[in-house]
Structure formats: C-alpha cells, structure tokens
Amino acid sequence: MDVSYNLLNLTGKAIDVLTKFSKADIRVHDADRIPKAPVVFVVNHFTRMETFFLPNVIHKITGKYIYSLAHYSFFSGGFGKFMEKVGAVSTKDPLRDVKFIGALLRGDMDCIIFPEGQMVKDKKLVERGKYMVYNSGIRRPPHTGAAFIALRAQFYREELKSCKERNACDELNSLMSHFGISEQELSHIINQETYIVPVNITYFPIRARANIINKIANKLVKSLPERIEEELEVEGTMLVEGVDIDINFGNPIAISPYLKSYLAKQKIQSTKLYLDPKELQSDVLLRKIAIDIMYRYMRDIYAMTTLNHDHIFSYLLTKTNKRIKENDFKTKAYCAIEAVKKLKLATCHTSLQLKQGYLLTDDPHGRYNDFIDAAKSDGLISIKDGMIYKNKEKFSRLYEFHTVRKDNIVEVLKNEIEPLPQVVKKLNRVFWTPMLCIRRKLAKSFYKKDIAIFEKDYKEFFKQGESKPKHIGMPFFKKRFFARTGIVLVHGYMAAPEEMRQLAEYLYEHGYTVYCTRLRGHGTSPEDLATRSWEEWYESVNRGYIVVKNSVKKVFMCGFSTGAGLTLLHAQNKQQALTGAIAISAPFRLQNIAAGLAPIVNTWNKFLSFLKIKKIGRLDFIPNHPDNPDINYLRNPVSGIHQMESLMDLVEKRLADILIPVLIMQGAGDKTVDPKGAFEMFMKIPSENKEFTMVHSKSHGITRGKEGEVVARRVAAFIKDYE
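Residue 3 is where the sequence shown starts when you use the working numbering, and the numbers rise one by one after that.
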C-alpha cells in the first residue's frame, strides 16, 4: 500500500495540536548535523509515543517524509492500513527491504529504525561491558538490521555506479527494475551517499501515576492488561503533568568508507547482484562490518543521553547500602552535579546548568522534593528523623520487564546513565569520598567565594571619600575547631559585617563558631546597593549558612534590622534545619516618613526610566543619618528601601511558618523601627519556644556599645538553652 502524503500531513497537524495541548516540551538539539542526503535514523526506544511524534519532528527539519519500522502486531484491520499509509512498515512485510532501500537510493524518504528491537523499559543497556537488551526473557545484543539496511543501500548504489561505468546494461536494468528506479533518477542516485544518524531521546521527569488518560481508558475498557496499564500510567503522566523531551541528533555516519576494502569492491564489481537479502546478510565480511557499525551507533546513541537531576539522585540512592542522612545525600548530590559540570557534557538538562546551592541550604526546591516524594510514594524509601532508609526488598527484587518503570523508576534511571563512563566515574568518586572531607572542602570553598564576591563588588563600586575601608565590609569567619554549635550573623540595611563584630567576638569567646556574612550591595557604596534585590541578600546569607553548616552540628541564625527579617525568612524556609533564630530590631514598622514614601518614589523613578529620562525629576537617594557613620552609608537608595519593605511584607505573611525556637529583641526607644511592631510580630509566631526581650535603649543600633553587651549576653543565653 502506497504512503498517503495527505494523510501524513493531516496526522502531523494532529500531533502538533496534541503536543501543544499536552504539557510535553520537545527540545531538539543539533538538528544541523542531519545531512542533506539519504538517512537511516537509529533511535533509542523507551516509550510508545516517540513512534508517533519523532517522524513529525524530523519531517519539520528535513522536509522529507519518513518510513519507520514497526512490529507486525500493529498491522491488522483498519489500524494496520492507517499505519501503512503514514509510512510504517511491518517487520514481516515481504517488501520491507525493497521499500527501505528503494527510498534510501532515491533519497525521497528517510527511515527510522529502533535498533533495540522493542521498548527498553528498564533501560538496562550494558551488561559485562557489552550492549545487551531484554527480549523474550533473555538479554541479547541489539539488532544489526539498521546497519544492514544502510550497508545494502550504499552497496547497491555502488553497484549501480559500477554497472554504469562498465556499461553492464543487463545488470543495471535488473537493479533499476528491482528498486523502481527511472533513467532520469540514476545519475542523481549514484552520486549520493547513505548515512546513519544516531538519535537519543531522553525524558525528564519520568513518573508513573494515575492520571486522567489511564482513568478514562479504565472506564472504557474493563480489565486492561497490566502492560497497557503501565504504559498509560507512565506516558499519560508525561503528557498530563509535563515532561521535557530532549532529542539529540548525533554526528552522521557515512557508509561508503566501510565498503572501500578490496573484498567489498570485488563483490560490488562482480556480475552477481546480491538482490536476495540473505546473500549479503550471510556474507562474513558484511556481517562483521554491520556489527562494527552497530556498536558505533549504539555508543553514539547512549553517549547523547541528556543527564538530569533524577539520574544523579537515582545513582546515589542505588549506591547507598541501607540508609543515609538526608543532609549527606543532598550534599553528595550537589558535589556530584558540580563534578559532572566540569566534564562540560554537550547533553545536560538545562536545569543542571543553574545554581545548585539549594541542595546545601535546606531551602525547599521542586526538583529534589519531587524525586523524594516519588520515591516515598513508590515505597522505595522512607524518611525518619532526617535519615533516608532504603527499602532493600524493593531494590533487590527482580522486576517484571514491562512494569519496572512503575515499580522502581530509580533503578531504571540509574541504568540509563551506565553507558556514560565519565559520568559514572565522577559519581562514584563523590559517593565514596568521606563526608568529613566533603564538608571541609565546601566550607572552605564557600568562604572563599564570599570573599571573592566582596572583592569584586568593592573594586567595581568603590567611591572615593564615601566607601568605607575594606575591612568594614569584609565577611569574616571565626572558627572553633571543636565547637558543635555555630551562628550565622546577618547585619542590617546600609550597614556591613563590622556592625556585628562585637557580638561575634563575644560568641566566639564563649566557644562558638561564628560567621558574619555580607549582604550584596553593602560595604561598598550606595550605588551598589541601589542595584540589588532582597533575593540577592537572601543568597548572601545562604553562603554563610553553608559555611557554618559544614563546620558544626547545630546552626543558629541571628540578624539585626533587615538582617533580622532575613533571619526570620530563613527560619520559615529551613524549619528544623536551623536550631534557633534570633531577630534583633526587625523593621516591621518603620517610623521614618521617607520610608513610607519609598514605594511611590520608586515607581516614579521607574516611570522616568521607561521614558528614558535619566536625571531630571528623579530621586534615587535620600540622606541618611546613622548611629554608626563609620560603618553605614550616608545616602540611602530609594530602591533599597523598596526591597527591604518587599522582604518584610513576605516575612510578615509567613510568620505562622516559624516553629523553631526564636528570640525577638527590640530597643525600647528605637527611632527607626516602631517597637510595637516587634511585639505584634512576636504574637503571630506559633513556636512553642519563643522569647521576647526589650532592651532599654534610645538608638536603633543596639548590637554595639553598652547595649551591645546586653544583647550579646542575652543571645548567648538563648543559644545555650537550645543548643
């Protein structure tokens, strides 16, 4: 039955509509590698749906329609006729090879072949160093069919060329008649080259869940076969909940160089035409060549696997024996991702290129949480008291091939990256590195990173006569080697780490490890602060948190003014990862009139920027009269006030999330922050272990001088009570 181009176009449009309304994001990479020549695309096979969307994707790139090889069981009744009309060829079609090779000779259609022979649901591809796939209860090497199709197409192309050059008219006519080649097509055909293009398709994330598609199917058909049920759960979830589909095209493999040997040329130039496929397939030389080609494209296919978070999480989890601290698991995952990044792989998921610090900061994050939730839901792990426990029975069981994606997706994902030796080597090295070594390295590297960021900012934004000496803004780390408890100190708005030095020295003298972080935009110049967001301040605190967390067992956080707001936000996000939080003079209610006008002025400035008015009518800074002029800026950026208020609005909305021990401190005569706001905040916090202390002071800056001594003693007492 001939291919219907009208039906192919209609089917392509239908697939486009379905893709648009699904949550699948198809990402095509290196399509420019596809040569403008006859091509056999060899593709890894994991889902049913790729057999539908891939021909459409390739057609959009090349403009050519596709023949694709499909299992004979699909070719019955009306559906079988439909399949034939859209380019599918049955594995039992007697004209299969003629269709494929004829199309490749003419170059009017390309071909898709899945060399694994069927869906490899367990992604188990390598066994004892060799490529092996599951089939009918056994493991076997991948098929060489794609290699033979490409080899034969190029072999016959060379035969046609040889016959024409030798004026062997009878042989030439026999070949042309067999493949339906016209005289006009001949010169074009003999000057073409046959290529194999490896293609890898990677899905992320892969989850097996009940979804609307399999629910509808169960209502329409009672007692669905388990195999179909599994496919609907896995592939239906991809379409309904969302999946990134990365399609990577590899470097094309030219076939003619494999036919340059003396023996191959003898066969091409002989009078025997080898039109019976068995003649070439039984030939020892061509069988060896086909196997070599097969191993080459299989290596290329699997080398293009798009590495993602789930691969790394799964590999580390399967390597774990019985249990692992969740903190250690996340830390190893972070180090593994950073190690893999250094390989500069061409095929990494875009999310791996982003900052991975969330794995170290104990802040909630979708990628990690989704993986852990799925593993718990499938009964693969349980978590208790910060410890991940593996369900050994689930990991030691031999799963039924057709349900393994549903039963243990972690094993499947681990299998998928086994053919990536460089990646596996990096992951193993990280996994077996002692946690003590990892923690020390992380603490050291993040401290260095914090210093480097300050040095860069100070150099870029230094302003003669206004910027303070470098030591004022430099973050500092005071480490007690045998301390079990550490404190992250966070300074206030327009201030610098020096503001917290008195408190830091006191805590250090009392046996604690202390890190005083620098908020971006501070300790440099007001122009720097004007460019910063509260999110950048939050990340500044996270760097200090990582240093302390990897130096001690228990971590407290203590912030002053805006630093107090940031401390409370960290308490809301990190929960029990923090042992306690101390907020000193948090700016919930500002008393400065200028602060109240900040949102209006900020909006006005943005409007002027939109009109491209740079100076006239703008009010970017207002004067500041601080308690500590040796530390604080004397100009206050309006945009900075707006950022501070945005931060405090968010913190206030989430006060109910603070469940850890918390100490609220406030100066009674504070002229910057309304003391009533501190008590209102205190009352909204639901923690069972919360304390409030009012300090007798007329100034806002109570972390220095005599008031600083009172504050330091109270902070130390609170830490001692809860450490």
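Cβ coordinates follow ideal geometry from the N, Cα and C atoms, glycine included. Given the structure is predicted, the values throughout are model-derived calculations rather than measurements.
- Taking C-beta separations shorter than 6 Å and ignoring five residues to either side along the sequence, the partners of D365 in its chain run N575, following chain order.
- Excluding sequence positions up to five before and after F315, its CB lies within less than 7 Å of the CB of A335, F373, all in the same chain and listed in chain order.
- In this structure, the alpha-carbon of E709 lies about 16 Å from that of I584.
- For K166, the CB contacts under 8 Å within the same chain, skipping 5 residues up- and downstream, are L174, L188, I192 in chain order.
- Around H367, the same chain offers Y360 as residues with beta carbons nearer than 7 Å, after the five sequence neighbours per side are excluded.
- Where N169 is concerned, there is no enclosing beta strand (DSSP E), because DSSP gives it neither an H nor an E.
- Scanning its chain for C-beta atoms nearer than 7 Å, with the 5 sequence neighbours on each side dropped, one finds around T196 the residues P40, L106, A152, A155, Q156, R159, I257, in chain order.
- Partner residues in the beta bridge of Q668, as assigned by DSSP, are M696.
- Counting only runs of 4 or more residues that sit fully inside the stretch 251-336, the alpha helix (DSSP H) segments are 264-271, 279-283, 286-305, 311-321, in chain order.
- In this structure the stretch 492-502 touches the stretch 517-527; the number of beta carbon pairs closer than 8 Å is three or more.
- Taken atom to atom, the span from the alpha-carbon of I721 to that of N544 is near 20 Å.
- In the three-state DSSP reduction, K386 falls in the strand class (E or B).
- For K321, the CB contacts under 6 Å within the same chain, skipping 5 residues up- and downstream, are F433 in chain order.
- Distances from the CA of A566 to each of G703, K472, I633 were compared; the closest alpha carbon is that of G703.
- The beta carbons of T352 and I548 sit no closer together than 9 Å.
- Here P259 is exposed. Its C-beta has fewer than 16 other C-beta atoms within 10 Å.
- Assigned with DSSP and collapsed to three states, G582 falls in strand.
- K332 is classed as buried because its beta carbon has at least 16 other beta carbons within 10 Å across all chains shown.
- Excluding its 5 nearest sequence neighbours in each direction, K126 has C-beta neighbours in its own chain below 6 Å: N417, listed in chain order.
- By the beta-carbon neighbour count (other beta carbons within 10 angstroms, threshold 16), G546 is buried.
- C-alpha of T307 to C-alpha of R486: approximately 43 Å in a straight line.
- Here the stretch 468-478 makes contact with the stretch 627-642; the two share three or more CB pairs at distances below 8 Å.
- Spatial neighbours of D629 in its own chain (CB-CB distance under 7 Å, excluding positions within 5 residues in sequence) are listed in chain order as S701, H702, G703.
- Excluding its 5 nearest sequence neighbours in each direction, F623 has C-beta neighbours in its own chain below 8 Å: P528, A532, R637, N638, P639, V640, listed in chain order.
- Pairing E237 with A212 gives a Cβ-Cβ distance that is not under 9 Å.
- For P200, the three-state secondary structure derived from DSSP is strand.
- In this model, R35 and H61 are separated by some 15 Å (Cα to Cα).
- Listed in chain order, the non-local C-beta contacts of F694 below 6 Å within the same chain comprise I666, F684, local neighbours out to five positions each way being set aside.
- Nearest in C-alpha terms to D246, of all of Y276, C350, A292, is C350.
- If you draw a 10 Å sphere on the C-beta of C518, you find 16 or more other C-beta atoms in it, and that means buried.
- With respect to the 9 Å criterion, L652 and K686 are not classified as neighbours on the basis of their beta carbons.
- By a beta-carbon distance limit of 8 Å, E232 does not contact K25. Their separation comes to about 20 Å.
- When the five nearest sequence neighbours on each side are left out, the beta carbons in the same chain lying within less than 6 Å of the beta carbon of V675 are those of S587, P589, in order along the chain.
- Looking at the DSSP output, C560 shares a beta bridge with L491, I584.
- DSSP places T533 in no beta strand (DSSP E); its state is neither H nor E.
- Bounds of the beta strand (DSSP E) holding C113 are 111-115.
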